[in-house]
Ligand SMILES: Cc1cc2nc3c(=O)[nH]c(=O)nc-3n(C[C@H](O)[C@H](O)[C@H](O)COP(=O)(O)OP(=O)(O)OC[C@H]3O[C@@H](n4cnc5c(N)ncnc54)[C@H](O)[C@@H]3O)c2cc1C
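Put into structure tokens, the structure is as follows:
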């Protein structure tokens, strides 16, 4: 039947597309249904950073495995994805931050990550013109990277189309259950698509889509604003992260050298509102120029906002549910781009083999959500 597949994926962001890619590789027929266009959600609004510096063994492992997959992507997709390993540098402006990073580096090194705490002299060499005021040092992982989310989603989607289809402008408004099992989805135009496995990869809308089957899944949207500047000569290579309360994070695009960055608003801005503010542009400019004074004359050409899809502990959810055939792959908490390759692979393995290839209990739906990820 032309409206029947093995798996239906709800959501055309990087998580849905990566999951579909690996399911197709395992021989399954996949329909991916997106309410808008591919990358319309958080994926098309992210700043393309890829890091492996996390605070729990599972997150570090997933990020390191993802990195391996990013490295071979251009060959696998037969197209460039603008992958570039320029590193990530987490700045420490307090003893507390320094000690946190030193402790995490021990764990990260134990897991085989090439990461070091570096002093101001070295930071000055890799970030020419950085303001050393109050700076104690930083956690530097030279193998961290950046890539282009649009090209990667395109690469995944092309593979899905080889054994299935990618539908856009199809909002899922209903999910049919018979005898405790999912059987089909309904779109806003009353079309029906059938599959025994339905994956909720709706990003910041995971909660709303889960409600269609009566489940309450703890994923809530938080607005994050971002901006990009005019191209400029490249003079640093890594994502610079300043986790002070009034800090920010930004890198310089490998292509044209534009600065692209954001900060985490305090207090958080909950909800699906994707408006933008002058306050953000002003503050982001101030915070960036405080770190690298020569950027005080940078010319901002665009600003936008998107959602972080937050869970209570800052870790993803990748799990089946009590409704047979209904899966959740979401709640990426602002790390979905960098984690997607491994998360997609893990989801495909779990779904097809009946168990995950390694222990991912920390991503389960029914976990105790009290152990918070620190590197966020
Ligand atoms: C400003 C900003 C900067 C970021 N920077 C980074 C970064 O540097 N590195 C990083 O790793 N992550 C970053 N992120 C986070 C990252 O973008 C997300 O974690 C990731 O894109 C989540 O992917 P997703 O596929 O789960 O969600 P999404 O990309 O949001 O995709 C979900 C899709 O589901 C669709 N959908 C929702 N409801 C329905 C429905 N009922 N029917 C059909 N379709 C539906 C939506 O339209 C959407 O396209 C950033 C996010 C923001 C906002």
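Numbering (our numbering), first residue to last: 710 to 1085. Beta carbons: idealized from backbone N, C-alpha and C, even for Gly.
Residue side-chain check: residue 956 keeps its Cβ at 7 Å or more from all non-hydrogen atoms of ligand 1. The alpha carbon of residue 977 has as its nearest neighbour, out of 1068, 1001, 1016, the alpha carbon of 1016. In the DSSP annotation of this structure, the continuous segment of the beta strand (DSSP E) that includes residue 798 starts and ends at 797-801. In this structure, the beta-carbon distance from residue 717 to residue 1026 does not fall below 8 Å.
Judged by beta-carbon spacing, residue 724 lies within the 8 Å limit of residue 1041, meaning their Cβ atoms are closer than that value. Assigned with DSSP and collapsed to three states, residue 993 falls in helix. Within the segment 710-791, the complete alpha helix (DSSP H) runs of at least 4 residues fall at 723-734, 766-780, 782-786.
For the segment 802-842, the full-length alpha helix (DSSP H) segments reaching 4 residues or more read 804-819, 829-835 along the chain. The three-state reading of DSSP puts residue 917 in helix, counting H, G and I together.
A residue is called buried once 16 or more other Cβ atoms fall within 10 Å of its Cβ, and residue 975, having fewer, is exposed. Under the 8 Å Cβ criterion, the segment 941-959 counts as touching the segment 995-1014, having at least three qualifying pairs.
Assignment of beta-bridge partners to residue 891 by DSSP yields 886.
Distance from the CA of residue 756 to the CA of residue 737, rounded to the nearest whole angstrom, comes to 32 Å. For residue 795, the CB contacts under 6 Å within the same chain, skipping 5 residues up- and downstream, are 946, 947 in chain order.
Residue side-chain check: residue 754 places its Cβ nearer than 7 Å to a non-hydrogen atom of ligand 1.
In this structure, the straight-line span from the alpha carbon of residue 1067 to that of residue 1054 is close to 12 Å. In the three-state reduction of the DSSP assignment, residue 846 falls in the strand class, which pools E and B.
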